[in-house]
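Numbering (the working numbering), first residue to last: 37 to 242.
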């Protein structure tokens, strides 16, 4: 049976020590000068700046600013958006472009995420396990579900390899997906962020 092609970005599932994921996420700042829609599951990176003025109870400098991550080797990722704080009752379920908002990011370097591959090359099955990979940027998430469309690049641009500067390490096929055949394209994989902002070292794929 073919895998369901329904990308969702990065979805946290558990910690490296085996403990189940308990939710959470750190508050980060998204200024109105950022012109991108952002969705749950989008990978983001800190920009090196913070909120210059008080915003929703956070004094200046208390929130680190994030922007959408950049695809490709050597580009760091801080984490994935897991929540968006509404500004008003009419706020969208995603972060609309050019809207000043707080987003919650799962930024623990020990969190394992699920992500769907983009089906851009023949699926090598379990041969992916242990390799490093880069993201395939989404073409825009769903404004209906609020979900990201980012995926793992299976080989359309940069195939998984042992390259130490790639953005994530593939741990194995997801055990939670209802239909998930790793020998077919659009499989869901468990990954650990390799180029992670708060990670003390970068691993090399095996």
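Each residue gets a CB set at the ideal place from its N, CA and C atoms; glycine is no exception.
query	result
Just verifying my parser: in three-state terms, what is the DSSP assignment at residue 118?	strand
So is residue 121 buried or exposed if we call it buried at 16+ other beta carbons inside 10 Å?	exposed
Please report the distance separating the alpha-carbon of residue 138 from that of residue 216.	34 Å
Verify whether the separation of the beta carbon atoms of residue 117 and residue 72 is less than 8 Å.	no
Looking at the secondary structure, which residues open and close the beta strand (DSSP E) in which residue 11 lies?	For the chain, the structure presents residues 37 to 242; residue 11 sits outside this window and is missing.
Ends of the beta strand (DSSP E) at residue 81?	79-86
For residue 94 and residue 197, what's the separation of their Cα atoms in angstroms?	42 Å
State the beta-bridge partners of residue 46 as determined by DSSP.	For residue 46, which the question treats as bridged, DSSP gives no partner whatsoever.
Can you tell me the Cβ-Cβ gap for residue 191 and residue 156, rounded? I've got them flagged as a contact below 8 Å.	6 Å
Measure the CB-CB distance between residue 41 and residue 220 and report whether it falls below 8 Å.	no
Rounded to a whole number of angstroms, what is the C-alpha to C-alpha distance between residue 205 and residue 227?	5 Å
Among the candidates 149, 128 and 79, whose CA atom is the shortest distance from the CA of residue 212?	149
Could you give the distance in angstroms between the alpha-carbon of residue 43 and the alpha-carbon of residue 79?	13 Å
Under the assumption that residue 91 contacts residue 119 (Cβ atoms under 8 Å), give the Cβ distance between them as a whole number of angstroms.	Actually they do not touch by this definition, with Cβ atoms about 16 Å apart.
Beta-carbon separation of residue 84 and residue 97 under 8 Å?	no
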